[in-house]
Structure formats: C-alpha cells, structure tokens
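Participant:
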Amino acid sequence: MRTILFAAALPTISLLQPVRLVAASARFHQAHFASMSASPQSSPKPASFYDCVVKMPGGKELSMADYRGKVVLVVNTASACGFTPQYTALQHLYSKYKDQGLVIIGQPSNEFGGQNPEGDDGEKGTAALCQRNYGVDFPIAAKGTVNGSGAVPLFAFLKSQKKSLALERIKWNFEKFLIRKDGEVAARYTSITKPESLEPEIIKLLAE
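All letters in the sequence shown, in the order written, are residues -16 to -1, 1 to 192 by mature numbering (1 follows the signal peptide of the UniProt record, and there is no 0).
1. Please state whether the Cβ-Cβ distance between F161 and A171 is less than 9 Å.
2. Given a cut-off of 9 Å, decide if S63 and L113 are closer than it, judged by their beta-carbon atoms.
3. Would you mind sorting D83 into buried or exposed? The rule is 16 or more other CB atoms within 10 Å of its CB.
4. In angstroms, rounded to a whole number, what distance separates the CA positions of I154 and A191?
5. Can you name, in chain order, every residue of its own chain whose Cβ lies under 6 Å from the Cβ of G119, other than the five neighbours on each side?
6. Excluding five sequence neighbours on each side, which residues of the same chain lie with their C-beta closer than 7 Å to the C-beta of S47?
7. With H, G and I counted as helix, E and B as strand and the rest as coil, what does DSSP make of G119?
8. Which of the three DSSP states is assigned to F161 in this structure?
9. Could you give the residue range of the alpha helix (DSSP H) that holds T174?
10. Taking just the CA atoms, how far does T68 sit from N157?
11. With DSSP as the reference, label E168 as helix, strand or coil.
12. Quick check on DSSP: helix, strand or coil for K127?
13. In chain order, which beta strand (DSSP E) runs of at least 3 residues are fully inside the region 21 to 90?
14. Buried or exposed: P184, going by 16 or more other Cβ atoms within 10 Å of its Cβ?
15. DSSP has S148 in a bridge; who is on the other side?
Here's what the structure looks like:
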C-alpha cells in the first residue's frame, strides 16, 4: 500500500517543479528585458551657459559663471585627428585676444574614430600633449562625451542653443561654439571652419 501511495505522489512532484521553474524563469526574463529596454537617465540640462560646470583634469571643476563678461569659444577637440592642427590657430587667437577678454576651452572627446585615446593626467595626458605639440595654454577639460545622454552638461546646453544642418548632435571633432559676453550662444561652426576665419566675429563680440 505504501509503495502504491509513493508512486502516486511522484507525478505531483514532477509536475509542480517544472511549473515553478518556468514561472521563475519567466519572471527573471521579464525583469531582464525590462532593464535592457529602459532608456538611460540623462543629466539635467543646464538652464544657461553660466550654469555649466566643466570637469578638469585632477578632479577640479571650471564654472562658466567665472566668465561673465567674457567672449568664450568652446571646441570639442581630439589629439590625433586630421583637424588637430587647428590647435595652433586656436592658440594664436587666444594669445592675441585673451587680454581683451577672449576665453577658449577645449573639450577632448574620444567618440569620433577613437582619435583622443590619451588620459587626462600626467605627461602623457591630453593637456600635456597639447602644450608640448602646439603650445596650448588655454583650458583643456577632462575627456568626456559630447553626444547622447552622457554628454557633458556644457555641450548638452550648447547643442540645444544652436543646431547644425537642422541637427543638435556634434558631427565630428573640432566643432566650435562662440558665446557672447552675456552668455548667449552667438554662432556654431563646423569642423572644417578654420579658427582664423572666426577672428572678425571675435573682434566684433569683444567690442560689444
């Protein structure tokens, strides 16, 4: 009699366990795919140029509020791009007009062709390389991204103010944004625009 009862119980065990396993597996996959499909949370976009803070090498921060009353040129840069020699012209503009109120900020990015592989700090860092190869002494930010939900706040703001070819996103290295003394984004320029061609507009904005 016990043997018969034991044998009768076997189907109950063998049927319930697979049902529980299937249910648990379904819950796991549902949660897994939900997390994969969830859109990443982007950082809040600054309300103004002067609300932007730039991360610098060594963990320091550079507040754009420090540049009230200045004309600012912001460039997304790279160390091994066909446009990298533009550093020379940018430095020339900075040396010529910094005493009149021009500020230039370089934002290195490795997202276009992997053309800024260096880190931020030390003799092999981006800032040191720019100083050594092009004599750059204007601020070079810590490496970051300029597109997508992880874009640095400064570029998230600048792109929202001036589009290029009806699109906000940065197309390539060395796009340029020129900001007036009151924090308004005056103009956006493509990678192929040579820095020296901006000189007349810079002179005009410095005189405002």
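Every residue, glycine too, gets a C-beta built ideally from N, C-alpha and C.
Facilitator: This is what the structure holds:
1. yes
2. yes
3. exposed
4. 29 Å
5. Q75
6. V37
7. coil
8. strand
9. Premise fails: T174 is in no alpha helix (DSSP H) and is neither H nor E.
10. 8 Å
11. coil
12. coil
13. 37 to 39, 45 to 47, 55 to 61
14. exposed
15. L151
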